[in-house]
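Asks:
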Amino acid sequence: MVKLVVGIGNPGRQYVWTRHNIGFLLLDSLASRFLGAFREAPRLYASFAKVEISSEAVVLMKPTTYVNLTGKAVLAAKKFFDVSMEDILVVADDINREFGFVRFRQDCGSGGHNGIKNTTQILQSNHYWQLRLGVGRPSYPGAEGVADYVLSSFSLNEKEKLNDFLEKGIEEIFPWLGC
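Position one of the sequence shown corresponds to residue 1 (my numbering), numbered consecutively onward.
(1) I'd like to check one pair, VAL59 with PHE81: are the Cβ atoms closer than 8 Å?
(2) Just mark MET1 as buried or exposed, buried being the case when its beta carbon has 16 or more other beta carbons within 10 Å.
(3) Residue ranges of each beta strand (DSSP E) run of no fewer than 3 residues wholly in the stretch 46-79, ordered along the chain?
(4) For ALA49 and VAL135, I'd like the C-alpha separation in whole angstroms.
(5) Return the residue from the list ALA37, GLU86 and ARG132 that minimises the CA-CA distance to GLY9.
(6) Alpha carbon to alpha carbon, how far is SER139 from LEU4? Give it in angstroms, no decimals.
(7) From the DSSP output, in three-state form, read off ASP164 for me.
(8) Taking all protein chains shown into account, do 16 or more other C-beta atoms lie within 10 angstroms of the C-beta of SER47, making it buried, or fewer, making it exposed?
(9) Quick check on GLU86: does DSSP put it in helix, strand or coil?
(10) Quick check on DSSP: helix, strand or coil for SER32?
(11) How close, in whole Å, do the beta carbons of GLY71 and ILE122 come, if the pair is a contact with beta carbons under 8 Å?
(12) If you reduce the DSSP assignment to three classes, tell me which class VAL16 lands in.
(13) Would the stretch 60-69 count as touching the stretch 10-17 if we require 3 or more Cβ pairs under 8 Å?
(14) Using a Cβ-Cβ cut-off of 8 Å (strictly less than) and excluding sequence neighbours within five positions of ASP94, which residues of its own chain qualify?
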C-alpha cells in the first residue's frame, strides 16, 4: 500500500518562500528527514520523492500545475500509484487561521482555497485528508489583497518561527503515516 502526500504550491523560484507554498516547504522538510530526492515526472504534472516512513511507502508530490490546477496532478498520481482516497493527504495554506495553526482532518470543504476546491472537483470527492497550515489573513480587503498576500514572502517574525511550525505540521500527520 502507498500513501500519497501532496503539497500545494506554485512552481518556480519566485514562489519558494511564499505563504501559498507552505505545502511544498513541509514536503521539502519531510523529504530531507527521510532522505528523499525529488525528481520530475512531467506526464504526472509533478515532481516526486519516494520515501519510507515506519515501513510505509510514501510518495511526496509537488504539483507543477500551479495552485489552482492541483487536482489534475493529484488525479494523475492517484491513478499511477493506485492510491485510495483514504491514503491521500493534501497539505495547503489556510488564510482563515493565524500563522502557526495546524488542522488535520478528512471529508472537509475547501475553506475558499482554490487548490483544494480544484482537487475536490477533479477527484469528484472530498474523502481525502487535509493538513491545513494557518498563514494568517491580510489586513487589506478583497480578493486582490488575498492573492497578493498568499503570493508574498513570510514576514521576518514568521520566518523565525517557520521551522518549528513545519515540525508541528509533520508531527500532526505522523499518526496517519503509522508513526
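C-beta: ideal position from N, C-alpha, C; glycine also.
Replies: According to the structure shown:
(1) yes
(2) exposed
(3) 46-53 and 56-63
(4) 25 Å
(5) ARG132
(6) 35 Å
(7) helix
(8) buried
(9) helix
(10) helix
(11) 3 Å
(12) coil
(13) yes
(14) PHE101, ARG103, GLY111, HIS113, ARG132, LEU133, GLY134 and VAL135
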